[in-house]
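Asks: Count along the sequence shown starting at 1, add 4, and that's the number in my numbering.
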Amino acid sequence: MTAQERRLRADLASLAASESGRRLLQLGLRGIGRGERGLTAGCWVRRGNAGCLFQHAYWEGVREGVFADKGRPGDWIGNFVGSHDYGIVIRVIESFDRLARSMYSDIEARPLLPDRFRLRQAEWNRVVEQLLVETLGETSAPAVAEAPGPATVETEEIVAAV
Numbered sequence: 005m006t007a008q009e010r011r012l013r014a015d016l017a018s019l020a021a022s023e024s025g026r027r028l029l030q031l032g033l034r035g036i037g038r039g040e041r042g043l044t045a046g047c048w049v050r051r052g053n054a055g056c057l058f059q060h061a062y063w064e065g066v067r068e069g070v071f072a073d074k075g076r077p078g079d080w081i082g083n084f085v086g087s088h089d090y091g092i093v094i095r096v097i098e099s100f101d102r103l104a105r106s107m108y109s110d111i112e113a114r115p116l117l118p119d120r121f122r123l124r125q126a127e128w129n130r131v132v133e134q135l136l137v138e139t140l141g142e143t144s145a146p147a148v149a150e151a152p153g154p155a156t157v158e159t160e161e162i163v164a165a166v
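1) Nearest by alpha-carbon distance to residue 24: which of 56, 114 and 92 is it?
2) Which of helix, strand or coil does DSSP assign to residue 68?
3) Skipping 5 residues on each side, what residues in its chain have a beta carbon closer than 7 Å to that of residue 35?
4) Whose CA, out of 97, 121, 98 and 22, lies closest to the CA of residue 108?
5) Check each candidate in 10, 17, 9 and 8 and name the one with the smallest Cα separation from residue 89.
6) So for residue 76, helix, strand or coil by DSSP?
7) Relative to the C-alpha of residue 14, which candidate in 134, 99 and 113 has its C-alpha closest?
Here's what the structure looks like:
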């Protein structure tokens, strides 16, 4: 396991330790599991049809009625998890970015422009889902649990297994 992966796992575990942080990760996992939009790394965005883990959590939260479909996703997520956990969300975004660039991207050197990173999408999707399932499985749910929102059968099976 690399230093980047260890850091990401630690950041995800810190976020999963709180009730709202754990719920946010579950929303992200369900959103990614739907496969309706692409998954990027860090805070990379592709024309509104792909986003990072927390963009997927926001989209899923809108779908489930957790968030309103207006305003900035970061504002809704920040209010949802609170100021302490929002700092952890920012660290997780940075950790995902570092891991993606170092291990799951092909680098295209360009003479006059900065290097271009091309994410190996299928491999990245599998890794992110696996990290989330393992993190949620390794951390215990907080003492006071909220009622789960609607999800797809496939994602419910994954989350139930953890």
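Note that CB positions come from ideal geometry on N, CA and C, so glycine has one too.
Replies: Quick answer:
1) Ranking 56, 114 and 92 by CA distance to the CA of residue 24 puts 92 first.
2) helix
3) 60, 61, 63 and 64
4) 121
5) For the residues 10, 17, 9 and 8, the minimum Cα distance to residue 89 belongs to 17.
6) Secondary structure of residue 76 (DSSP, three-state): coil.
7) 99
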